[in-house]
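The structure under discussion appears below in the form of structure tokens.
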Amino acid sequence: MRVKLADSIFALAVIAIPFDAIAGFKSFGELGNESSFYFFALAMGLYGINAAGASVAGELVERLGGPLFWRTGAAIVIVIAISALWNATEISAARFHGRDGLAKLVTSATVVIYGLALALLTRAVVLGRWYVRLILPICISAALCVGFGLLEALDRVGMSLPLYQTVNSLLHAGSDHTVQSWDGTLNLRLIEGWDKRLRTVSFEPPSFGNFSGLAWPWLFAAIFITRGIRKALHIFLLLAFTALIVGSQARTGWLLLATNVVAFGLLKFLFLPPDGRVPKSATFIGALLLFAVVAVIIFYAASFDEVIREAVVGTSVSDLSRLAYQVTSIRMFSEYPILGVGLGQFAFKASSYMPDWGFLSSEVKASLRFTDAPWPNTYSLYARLAAELGLIGLFGWISIWIALIVSVRGAGLIYANLGRNVPVVAYPIIMSCADVIVTGLTTDTFRTPMIWITLGAGAAFSARVGQLAGAPLRPSTRPIPSQTYLTSSRS
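In terms of this note's numbering, the sequence shown opens at residue -15 and continues consecutively.
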């Protein structure tokens, strides 16, 4: 009974993921305004009680864990712990805006532990029930975004409805403040409506772009899993959601949408064909793609000084702030290259490593000067990892997602070799892994639920195929609801 209730609450939590600007409890820190957090925490509690009872009774809870998950989780925790111990003296002495380094280390580590617990919960919930527990809730969430986005778009063109204003004030009660608490001035960005991009139910446009990009692969997969009128509804929703992503003008959403399209094309026609027959050219093309990525990184690094000059003389305060904090991260990394300064410690050292031109940004000056101003951040997870956890943390994080892609792809090919085509769910998992890698360029937080859901989903899929590979499996012509295929039969 508790497990079924937890599964239902998990589905509600998935629906609530983009609602991340509510007036939550400040005691929960950066998770407080995430509406999904409260549902996920409740589901975790119920599953924890059930697991404890099963352990006392001597029963093995097979669905929890798995080698892939435990290795990944252990690696993350160990790296954080070693970095913290190495920098223990500086962390214990750190002070910034009324907060101390040790407390920030604990809260940041708690967010990561929460994420790992969410991955574990996902691993237990979705196995065998992909559509009901994960895909359908994501689709419902996307539909809510589309509906509210339409109301928001009408408001932008002067056709605001009373219903919109009321709902908008409730959904963004945790973020829309007319007076800035740190300096007592009016929030002109809100009052004058400087940002014309659509944010729908999320905190800000980049937040919506991040969610939409990570949700899109699952909306796409729903088309292949359903039939009849339900399939038609999913096609309509995918088109509407895609239009919302494009129309929102959120660059993160555009970037992830492009990533999804490219990733699916590469998977279906090259690296993971539905019939499992990988063309011989896949290795060569993969090497070319890797070379292209490295070339882009080298080119960007070579032209970095020019990028800085353009940002300094430009008119975008946001771009200047982003670049200033990322340069600060690089400077910090150059002094602490192996283990970084410790998880959550970036802000405590930011002013010491900030380049002089960085103080030209009003956002940077406010965040470093005023206690209640937004906490200094790196605007890039890779910059944060390099500064806070060094090379080990940076390459470790990238390795996790590459390893998950390889594991899920390998599992899909194993399944195909057992007599069936590659299950549809393999594609959104790998596409989401690619999204996680790409979104690290524009966001710097570990609290994004879809990141950890992807980890849990990948672990669940790989473990399930591993079980099937170890037991006799007869070919079947009837698709299994949770393991439907892109094609109905092998070609």
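C-beta: ideal position from N, C-alpha, C; glycine also.
Next item on the list: State yes or no: is the C-beta of Pro360 nearer than 7 Å to some heavy atom of the ligand MN?
Entry: For the structure depicted, the ligand MN is absent and the ligand set is empty, with no information on it obtainable.
Margin query: Under 8 Å, with one C-beta from each stretch per pair, do the region 303 to 314 and the region 357 to 370 reach the 3-pair mark?
Written below: yes
Margin query: If the criterion is Cβ atoms closer than 8 Å, does the pair Leu239 and Thr426 meet it?
Written below: Numbered from 1 along the sequence shown, position 255 holds the residue referred to as residue 239. Numbered from 1 along the sequence shown, position 442 holds the residue referred to as residue 426. Contact flag set, yes.
Checklist line | Ala418 versus Ile1, Val230, Leu439 and Leu52, residue with shortest Cα-Cα distance | finding: Locating residue 418 in the sequence shown gives position 434, where the first residue counts as 1. Answer by Cα proximity: Leu439.
Notebook entry, point to check: Just checking, does the region 130 to 146 make contact with the region 328 to 339 on the three C-beta pairs under 8 Å criterion?
Noted result: no
Next item on the list: Would you mind giving the Cβ-Cβ distance between Cys123 and His218, rounded to the nearest angstrom? I have them listed as a contact below 8 Å.
Entry: Numbered from its first residue, the sequence shown carries residue 123 at position 139. Numbered from its first residue, the sequence shown carries residue 218 at position 234. Going by Cβ atoms, the distance from Cys123 to His218 rounds to 7 Å, so yes, they are a contact pair.
Check: Who are the near neighbours of Phe3 in its chain, counting only those whose CB is closer than 6 Å to its CB and skipping five residues on each side?
Finding: In the sequence shown, the residue the question calls residue 3 occupies position 19. The residues are Ser19 and Val185.
Note to self: Excluding the 5 residues flanking Asp(-9) on each side, which residues of the same chain have their C-beta closer than 7 Å to its C-beta?
What the structure shows: For this step, residue -9 is matched to residue 7 along the sequence shown. Correct list, in chain order: Val109 and Arg117.
Check: Using 8 Å as the threshold, is the region 430 to 439 in touch with the region 250 to 257, meaning 3 or more CB pairs across them?
Finding: no
Check: In this structure, does DSSP put Leu(-4) in helix, strand or coil?
Finding: Counting from 1 along the sequence shown, the entry for residue -4 is found at position 12. Helix at Leu(-4).
Check: What residues in its chain sit with their C-beta under 6 Å from that of Asn34, if we drop five residues either side in the sequence?
Finding: Taking the sequence shown and counting its residues from 1, one reaches residue 34 at position 50. For Asn34, where only same-chain residues beyond five positions count, the Cβ hits under 6 Å are Arg(-14) and Val(-13).
Margin query: According to DSSP, Phe80 sits in a beta bridge with which residue or residues?
Written below: Taking the first residue of the sequence shown as 1, we reach residue 80 at position 96. Partner(s): Arg83.
Check: Since Leu100 contacts Ile60 with CB under 8 Å, what's their CB separation in whole angstroms?
Finding: Looking up residue 100 in the sequence shown gives position 116. Looking up residue 60 in the sequence shown gives position 76. Indeed, because the Cβ distance is near 7 Å, the residues count as touching under 8 Å.
Margin query: Looking only at its chain, what residues have a beta carbon closer than 7 Å to the beta carbon of Val297, apart from the 5 residues adjacent to it on each side?
Written below: Counting from one through the sequence shown, the residue named residue 297 turns up at place 313. Result list for Val297: empty, nothing under 7 Å.
Next item on the list: Leaving aside the five residues before and after Thr267 along the sequence, list all residues of the same chain whose C-beta is less than 7 Å from its C-beta, in chain order.
Entry: Translated into the one-based positions of the sequence shown, residue 267 becomes position 283. Excluding sequence neighbours, Thr267 sits near nothing in its chain.
Notebook entry, point to check: Going by alpha carbons, who is nearest to Ala199 out of Met415, Pro407 and Thr94?
Noted result: Along the sequence shown, one-based indexing puts residue 199 at 215. Closest by alpha carbon: Met415.
Notebook entry, point to check: How would you label Phe220, buried or exposed, when you count the other beta carbons within 10 angstroms and need 16 or more for buried?
Noted result: Within the sequence shown, the letter at position 236 stands for residue 220. Its Cβ having fewer than 16 others within 10 Å, Phe220 is exposed.
Notebook entry, point to check: Going by DSSP, which residues form a beta bridge with Pro339?
Noted result: Mapped onto the sequence shown, residue 339 falls at position 355. Note: Pro339 sits in no beta bridge, so no partner.
Notebook entry, point to check: Does the distance from the CB of Leu102 to the CB of Phe24 come in under 8 Å?
Noted result: For the purposes of this step, residue 102 is taken as residue 118 along the sequence shown, with counting starting at 1. For the purposes of this step, residue 24 is taken as residue 40 along the sequence shown, with counting starting at 1. Yes. Within cutoff.
Next item on the list: With a floor of 3 residues, list each beta strand (DSSP E) that falls wholly inside the region 396 to 458, ordered by position along the chain.
Entry: none
Next item on the list: State the start and end residues of the unbroken alpha helix (DSSP H) segment that holds Asp303.
Entry: On the sequence shown, residue 303 is found 319 positions in, with the first residue counted as 1. First-last of the alpha helix (DSSP H) with Asp303: Val301 to Glu319.
Notebook entry, point to check: What is the rounded straight-line gap between the Cα of Ser382 and the Cα of Thr150?
Noted result: Counting from 1 along the sequence shown, the entry for residue 382 is found at position 398. Counting from 1 along the sequence shown, the entry for residue 150 is found at position 166. Here residue 382 turns out to be Ile, not Ser, going by the sequence shown. Taking the straight line from one Cα to the other gives about 42 Å.
Check: By Cβ distance, which residues of its chain are closer than 7 Å to Val96, with the 5 residues on each side in sequence left out?
Finding: Taking the first residue of the sequence shown as 1, we reach residue 96 at position 112. Only Ile60, Ile64 and Phe430 meet the Cβ criterion.
Item checked: From Gly85, Gly231, Gly270 and Val325, residue whose alpha carbon lies closest to that of Arg368 -> In the sequence shown, residue 368 corresponds to position 384, counting from 1. Cα-wise, what sits closest to Arg368 is Val325.
Next item on the list: Could you tell me the boundaries of the alpha helix (DSSP H) in which His161 lies?
Entry: Position 177 of the sequence shown holds residue 161. Where His161 is concerned, there is no enclosing alpha helix (DSSP H), given that its DSSP letter is neither H nor E.
Note to self: Looking at the secondary structure, which residues open and close the alpha helix (DSSP H) in which Glu136 lies?
What the structure shows: Locating residue 136 in the sequence shown gives position 152, where the first residue counts as 1. It spans Leu120 to Arg140 - the alpha helix (DSSP H) in which Glu136 sits, taken as one unbroken run.
Checklist line | CB contact flag (Thr106, Ala350, <8 Å) | finding: Taking the first residue of the sequence shown as position 1, residue 106 is located at position 122. Taking the first residue of the sequence shown as position 1, residue 350 is located at position 366. No, they are not a contact pair.
Item checked: Element boundaries [alpha helix (DSSP H), containing Phe354] -> Position 370 of the sequence shown, counted from the first residue, corresponds to residue 354. First-last for Phe354: undefined, no H or E at that position.
Notebook entry, point to check: Any idea if Phe192 is buried or exposed, counting beta-carbon neighbours within 10 angstroms, 16 or more meaning buried?
Noted result: Counting from one through the sequence shown, the residue named residue 192 turns up at place 208. So Phe192 ends up on the buried side.
Next item on the list: Would you identify the three-state DSSP class for Ile6, choosing helix, strand or coil?
Entry: In the sequence shown, residue 6 corresponds to position 22, counting from 1. Coil at Ile6, not helix or strand.
Notebook entry, point to check: How many Å lie between Ala370 and Ile314 at the Cα?
Noted result: Your numbering for residue 370 matches position 386 in the sequence shown. Your numbering for residue 314 matches position 330 in the sequence shown. One C-alpha to the other measures close to 7 Å.
Next item on the list: Indicate the three-state DSSP secondary structure (helix, strand or coil) for Val110 in the structure shown.
Entry: Taking the first residue of the sequence shown as 1, we reach residue 110 at position 126. Val110 falls in the coil class under three-state DSSP.
Next item on the list: Output the distance between the C-alpha atoms of Pro358 and Asn401, rounded to the nearest integer angstrom.
Entry: Working through the sequence shown from its first residue, we reach residue 358 at position 374. Working through the sequence shown from its first residue, we reach residue 401 at position 417. Roughly 52 Å separates the two Cα atoms.
Next item on the list: For Lys10, count neighbouring C-beta atoms within 10 Å of its own C-beta (all shown protein chains included) and say buried if the count is 16 or more, exposed if not.
Entry: Numbered from its first residue, the sequence shown carries residue 10 at position 26. Lys10 is exposed by the Cβ-count criterion.
Margin query: Measuring straight from C-alpha to C-alpha, what distance separates Asp84 and Leu397?
Written below: Reading the sequence shown from its first residue, position 100 is the one you call residue 84. Reading the sequence shown from its first residue, position 413 is the one you call residue 397. Rounded to the nearest angstrom, the two C-alpha atoms are 50 Å apart.
Next item on the list: Go ahead and pull the three-state DSSP assignment for Lys349.
Entry: If you number the sequence shown from 1, residue 349 lands on position 365. It is helical.
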